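Here the structure comes first, spelled out in structure tokens, and everything after it is commentary.
Protein chains: 2
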Amino acid sequence: MTRPALKNDTFIRAARREPTPYTPVWMMRQAGRYLPEYRATREKAGDFLSLCKNPELAAEVTIQPIDRFDIDAAILFSDILVVPEAMGMNLSFQVGEGPVFSDPIRTVHDVDRLPVVDAEDKLGYVMAAIKEINARLDGRVPLIGFTGAPWTLATYMIEGGSSKDFANTKRMAFDAPALLDRVIDKVTDNVIDYAKAQVRAGIHVFQIFDTWAGVLDPRLFERYCAAPIQRIVQALEGEVPVTVFAKGCAQHAERLAATGCTVLGLDWTTNLAPIREKVGDKVALQGNMDPSVLYAKPEVIRDEVKRMLEDFGNHPGHIANLGHGIHPGVPPSHAGAFIEAVHEISARMRG
Amino acid sequence: MTRPALKNDTFIRAARREPTPYTPVWMMRQAGRYLPEYRATREKAGDFLSLCKNPELAAEVTIQPIDRFDIDAAILFSDILVVPEAMGMNLSFQVGEGPVFSDPIRTVHDVDRLPVVDAEDKLGYVMAAIKEINARLDGRVPLIGFTGAPWTLATYMIEGGSSKDFANTKRMAFDAPALLDRVIDKVTDNVIDYAKAQVRAGIHVFQIFDTWAGVLDPRLFERYCAAPIQRIVQALEGEVPVTVFAKGCAQHAERLAATGCTVLGLDWTTNLAPIREKVGDKVALQGNMDPSVLYAKPEVIRDEVKRMLEDFGNHPGHIANLGHGIHPGVPPSHAGAFIEAVHEISARMRG
Chain V
11 MTRPALKNDT FIRAARREPT PYTPVWMMRQ AGRYLPEYRA TREKAGDFLS
61 LCKNPELAAE VTIQPIDRFD IDAAILFSDI LVVPEAMGMN LSFQVGEGPV
111 FSDPIRTVHD VDRLPVVDAE DKLGYVMAAI KEINARLDGR VPLIGFTGAP
161 WTLATYMIEG GSSKDFANTK RMAFDAPALL DRVIDKVTDN VIDYAKAQVR
211 AGIHVFQIFD TWAGVLDPRL FERYCAAPIQ RIVQALEGEV PVTVFAKGCA
261 QHAERLAATG CTVLGLDWTT NLAPIREKVG DKVALQGNMD PSVLYAKPEV
311 IRDEVKRMLE DFGNHPGHIA NLGHGIHPGV PPSHAGAFIE AVHEISARMR
361 G
Chain P
11 MTRPALKNDT FIRAARREPT PYTPVWMMRQ AGRYLPEYRA TREKAGDFLS
61 LCKNPELAAE VTIQPIDRFD IDAAILFSDI LVVPEAMGMN LSFQVGEGPV
111 FSDPIRTVHD VDRLPVVDAE DKLGYVMAAI KEINARLDGR VPLIGFTGAP
161 WTLATYMIEG GSSKDFANTK RMAFDAPALL DRVIDKVTDN VIDYAKAQVR
211 AGIHVFQIFD TWAGVLDPRL FERYCAAPIQ RIVQALEGEV PVTVFAKGCA
261 QHAERLAATG CTVLGLDWTT NLAPIREKVG DKVALQGNMD PSVLYAKPEV
311 IRDEVKRMLE DFGNHPGHIA NLGHGIHPGV PPSHAGAFIE AVHEISARMR
361 G
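From first to last, the protein sequence lines stand for chains V and P. When we follow the numbering used here, the leftmost residue of the first sequence carries the number 11, and every step to the right adds one. When we follow the numbering used here, the leftmost residue of the second sequence carries the number 11, and every step to the right adds one.
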């Protein structure tokens, strides 16, 4: 374990709903294409997957936003699809098309041949990146590790890539639910091993991203989103704080809080106040400004930050963030205005 | 006015929350590519827009699902984007890309040059189609007219087509809200004139589709979805029942019911029971089976229909439907199994 002591633990204290002098803030996809220094490193690495698999360069891009902005957490640079790739699926990123698995899962045979892999072996480059990041960060801020949630990973594995209506995964859910259960179980086992390996490597916080949970009806949401996430959260009990972010699932906030997670991430389609009233005694909340606000002038960004902070109110347990990843076309100075506004306005609200 | 008296008014009675012997049912996009007879007529018409603009052929495809299945309502075959086209925007449908406006709205000048058009003149082909459909239907079932909601239409007009993150529309919402207000107002004026023309032409019910309202934060939802929809609903007061369907907006059900609409459409991500408890004294509910269920075996379709009907419960005020348009790859026999199951199971529940 190489987890350094933290010089700035505001994020961790807010996650535990302890008072902090200001609201900590980070941005989903903060190490990304909107930063010229990211694009330069990406160029050096070649393709996207090579960047993920190069611990030195992955550490470099992870730390770029920490060097540029006064952010309260770093997030491991990686991709959610490294897990299915480690399970033996052939992954490539096609320009303009997104990720492609050339051998999508369609039959029992396809599922049964998928192994539960030793993450420290097959995903050793992620653990190496975590160690390298911590060595370079030297405790400046906590490091967030992450995974895709089983449902979201399963959609890519079954569709063979991105999808509009998830036809194959949905067909399996309704026509062959036992088969989809097997996929989800297998992925969940792998994710748990992966999460524990990240904890051993030194992450301070673990986040689960369920990007596509919002397309499920309430019964399937329970079966394929909430239940497997709960299994992951329970496997990490006593290890590190766990954040659950299921996009488009504000109506399921109570169920997600009941998974036992430490922090519940929210997108921008909901107000924070009613969610805090419902689940604020169980979890901290993370979010939730529309990332598109960052296209606007800095004055507008400030107004929207103020609205978000006042919506949550002057209580402990808020980690400010966007409601989804930062868009590639945003000027870095606008991201800076967002971070500065969170710190300044929240500090003033405490006073 | 050529609105024929109805032989089957089950839909209308359910919309008014009056008791019916069974639950009426129709399917969004029921006149569509999953039907071989639709594909044949489409072939005859040439491109998609030509089909929309040919009253004889539009009537033909509107009635195809009524001839094939025991459906309780017909819906005008058209496209939501005929309104911006009638306003002078140049619309085309590119194969594999969807709709394209070659001259998207970006400036005040672009907005101010958009007229409020006389729908009976510029959209006369829609009114002609309505009259032709009614002549052929001869009151077998009610005819639903429709429009896209102002927000959804504005996204296409500003983005120039389909979009993933609505960057230009969102930028306008945050950086130039007065400009977006003008777009929305102008579109709303046009939609109201269009709706009234459809009523005069003979529709029995009017539905407003806000396909992209689910990407708005609560403040923008009020300003760009709920308020303009309310203006349209109020303009149609005393005319025909109005259905509001805003996809991905279950959390806003109370606000949408407060627009004064007759029926609230719901997608499949929510259960009907809690929504009925909240707004069932104000509106009927329409929906909400996941359209992907129709990929599954007929037995599974029956089970899911039963679940949906029991979820709503044995109360008046339910119009069964899918939670979004039927997918093009669904076998027509599966659509038939859905409709039959709704009728059979709901009739048994009444007993």
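All C-beta atoms, glycine included, are put in the ideal place defined by N, C-alpha and C. It should be emphasised that the depicted structure is a prediction, and the values quoted were computed from it without experimental measurement.
Is Tyr166 (chain P) close to chain V, meaning its C-beta is less than 7 Å from at least one C-beta of that chain?
It does not: the Cβ of Tyr166 (chain P) has no partner Cβ on chain V nearer than 7 Å.
List the residues of chain V that His344 (chain P) touches, going by C-beta distances under 9 Å, in chain order.
None at all; the shortest Cβ gap to chain V is about 11 Å.
Could you compute how far the alpha carbon of Asp148 (chain P) sits from the alpha carbon of Glu66 (chain P)?
Spanning the two alpha carbons is a distance of roughly 15 Å.
Does Tyr32 (chain V) have its Cβ less than 7 Å from a Cβ in chain P?
Chain P contact via Cβ: absent.
Based on the DSSP secondary-structure assignment, which residues constitute the bridge partners of Gln217 (chain V)?
DSSP output for Gln217 (chain V) lists V:Phe156 and V:Thr253 as bridge partner(s).
Mind checking which residues open and close the beta strand (DSSP E) that includes Val105 (chain P)?
Taken as a continuous stretch (DSSP letters only), Val105 (chain P) belongs to no beta strand (DSSP E), as it is neither H nor E.
Flag Ser172 (chain P) as yes if its beta-carbon sits less than 7 Å from any beta-carbon of chain V, otherwise no.
Chain V contact via Cβ: absent.
For Leu61 (chain P), report the span of its alpha helix (DSSP H) as first-last.
Phe58 to Lys63 is the span of the alpha helix (DSSP H), which, as asked, contains Leu61 (chain P).
Going by beta carbon distance, what residues of the same chain come within less than 6 Å of Pro238 (chain P), once the five residues before and after it are set aside?
Once the five neighbours on either side are set aside, the close Cβ partners of Pro238 (chain P) are Pro160, Ile194 and Thr198.
Could you check the C-alpha separation between Thr272 (chain V) and Ile242 (chain V) for me, to the nearest Å?
In a straight line, the C-alpha of Thr272 (chain V) is about 13 Å away from that of Ile242 (chain V).
Is the distance from the Cβ of Ile329 (chain P) to the Cβ of Pro31 (chain P) below 7 Å?
Not closer than 7 Å, so no.
According to a CB-to-CB cut-off of less than 7 Å, which residues of the segment 259 to 272 of chain P neighbour chain V?
Residues Ala260 and Gln261.
Just to make sure I have the definition right: I need the residues of chain P whose C-beta is within less than 8 Å of the C-beta of Arg181 (chain V). Which are they?
What Arg181 (chain V) touches in chain P: Ser302, Tyr305 and Ala306.
Contact between the segment 347 to 354 of chain V and the segment 73 to 87 of chain V is defined here as three or more beta-carbon pairs at a separation below 8 Å; is this criterion met?
Because the criterion of three Cβ pairs below 8 Å is met, the segment 347 to 354 of chain V and the segment 73 to 87 of chain V touch.
Could you give the C-beta distance for Ala294 (chain V) and Gly327 (chain V), rounded to a whole number, given that I count them as a contact under 8 Å?
Yes, Ala294 (chain V) and Gly327 (chain V) are in contact; Cβ-Cβ is about 4 Å, under 8 Å.
Sort out for me which residues DSSP pairs Met299 (chain P) with in a bridge.
The partner list for Met299 (chain P) (beta bridge, DSSP) reads P:Leu332.
How about Val289 (chain V) and Ala256 (chain V): are their beta carbons less than 7 Å apart?
Cβ atoms of Val289 (chain V) and Ala256 (chain V): not closer than 7 Å.
Would you mind working out which of V:His334, V:Gly361 and V:Arg360 sits nearest Trp36 (chain V), comparing C-alpha positions?
When only C-alpha atoms are compared, the closest one is V:His334.
Using the beta-carbon count (16 or more within 10 Å), is Thr117 (chain P) buried or exposed?
Burial call: exposed.
With a Cβ-Cβ cutoff of 7 Å, do His344 (chain V) and Leu282 (chain V) count as a contact?
Result no, Cβ atoms of His344 (chain V) and Leu282 (chain V) do not sit closer than 7 Å.
Quick one: which unbroken alpha helix (DSSP H) runs of 4-plus residues sit fully inside the segment 115 to 159 of chain P? Chain order, please.
Counting only runs of 4 or more, we get 118 to 122, 129 to 132 and 134 to 147.
Can you name, in chain order, every residue of its own chain whose Cβ lies under 8 Å from the Cβ of Ser88 (chain P), other than the five neighbours on each side?
Taken in chain order, the residues that qualify are Cys62, Ala68, Val136, Ala139 and Phe156.
Here's the rule I'm using: 16 or more other beta-carbon atoms within 10 Å means buried, otherwise exposed. How should His337 (chain P) be labelled?
Its Cβ being crowded by 16 or more others within 10 Å, His337 (chain P) is buried.
Would you please verify whether the beta carbon of Trp278 (chain P) is less than 7 Å from any beta carbon of chain V?
Chain V, which has a Cβ nearer than 7 Å to the Cβ of Trp278 (chain P), makes this yes.
Output the distance between the C-alpha atoms of Gly108 (chain P) and Leu226 (chain V), rounded to the nearest integer angstrom.
Approximately 25 Å, taken between the alpha carbons.
On a Cα-Cα basis, can you pick out the residue from P:Arg210, P:Ile90, P:Leu101 and P:Phe58 that is closest to Lys141 (chain P)?
Lys141 (chain P) has its Cα closest to that of P:Arg210, out of P:Arg210, P:Ile90, P:Leu101 and P:Phe58.
Judging by CA-CA distance, which residue of P:Asp291, P:Pro301 and P:Gln244 is the nearest neighbour of Thr279 (chain P)?
Closest by alpha carbon: P:Pro301.
My understanding is that Thr162 (chain P) touches Thr221 (chain P), with C-beta atoms under 8 Å, so please give their C-beta distance in whole angstroms.
Indeed they touch by this definition, with Cβ atoms about 5 Å apart.
Just to confirm my understanding: we take Glu28 (chain V), look at its own chain, exclude 5 residues before and 5 after, and list those with CB closer than 8 Å. What are they?
So the qualifying residues of the chain are Pro326.
Spell out whether any CB of chain V is found under 7 Å from the CB atom of Val118 (chain P).
It does not: the Cβ of Val118 (chain P) has no partner Cβ on chain V nearer than 7 Å.
Which residues, taken in chain order from the segment 319 to 353 of chain V, show a beta carbon closer than 7 Å to some beta carbon of chain P?
Listed by position along the chain: His337 and Gly339.
Among P:Ala245, P:Phe103 and P:Pro75, which one has its Cα closest to the Cα of Leu59 (chain P)?
Closest option to Leu59 (chain P), Cα to Cα, is P:Phe103.
Any Cβ of chain V within less than 7 Å of the Cβ of Phe103 (chain P)?
No - not a single Cβ of chain V is within 7 Å of the one on Phe103 (chain P).
Under the assumption that Val250 (chain P) contacts Ile213 (chain P) (Cβ atoms under 8 Å), give the Cβ distance between them as a whole number of angstroms.
So it is a contact: roughly 6 Å between Cβ atoms.
Measure from the alpha carbon of Pro125 (chain V) to the alpha carbon of each residue in V:Lys316, V:Arg265, V:Arg192 and V:Asn324, then state which is nearest.
The candidate whose alpha carbon is nearest that of Pro125 (chain V) is V:Arg192.
Span of the beta strand (DSSP E) holding Leu274 (chain V)?
From DSSP, the beta strand (DSSP E) with Leu274 (chain V) extends over Val273 to Gly275.
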